[in-house]
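Input: a single structure, listed below in structure tokens.
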Amino acid sequence: MELDKITSEINKLSLPQKLILAQDIWDSIALEEGNLSMPEWQKRELGRRYSEFQKGNLALHDWQEVHEGLRKTS
């Protein structure tokens with residue numbers, strides 16, 4: 014089936030059906046996660062951030078604080 018036809022069919026689904034479909038798609042991706050590799054630039058960035066975290070140079074924020082900040086900007 015062509016992607017535009019799939020998209021058209023998805024648009025006909027109710028919200029609960031779309032959520033179930035999204036979960037099914039995510040589950041199928043998770044089964045194949047071993048086939049995905051992290052790009053080198055992302056590995057370097059994660060390493061850099063972790064190093065800064067270990068040095069105490071990064072401020073950490075709990076989810077509630079992040080969520081409230083996002084709500085204020087939108």
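If you read the sequence shown in the working numbering, its first letter stands for residue 14, the second for the next number, and so on.
We put the beta carbon where it would ideally sit given N, CA and C, even for glycine.
As the structure is a prediction and not an experimental result, all values here were calculated from the model.
#1: Could you pull the start and end residues of the alpha helix (DSSP H) that A35 belongs to?
#2: In the DSSP assignment, find the alpha helix (DSSP H) that holds D17 and state where it starts and stops.
#3: Taking the alpha helix (DSSP H) that G82 falls in, what are its first and last residues?
#4: Tell me, to the nearest whole angstrom, how far the beta carbon of K31 is from that of I23; I am working on the premise that it is less than 8 angstroms.
#5: When you compare only the Cα positions, how much space is there between P52 and S87?
Well, looking at it:
#1: Along the sequence shown, one-based indexing puts residue 35 at 22. Where A35 is concerned, the enclosing alpha helix (DSSP H) stretches over 28 to 44.
#2: Reading the sequence shown from its first residue, position 4 is the one you call residue 17. Taken as a continuous stretch (DSSP letters only), the alpha helix (DSSP H) holding D17 covers 16 to 24.
#3: The residue you call residue 82 lines up with position 69 of the sequence shown. First-last of the alpha helix (DSSP H) with G82: 76 to 86.
#4: As a working mapping, residue 31 is identified with position 18 in the sequence shown. As a working mapping, residue 23 is identified with position 10 in the sequence shown. Contact holds; Cβ gap of about 7 angstroms.
#5: For the purposes of this step, residue 52 is identified with residue 39 of the sequence shown, where counting begins at 1. For the purposes of this step, residue 87 is identified with residue 74 of the sequence shown, where counting begins at 1. Roughly 31 angstroms separates the two Cα atoms.
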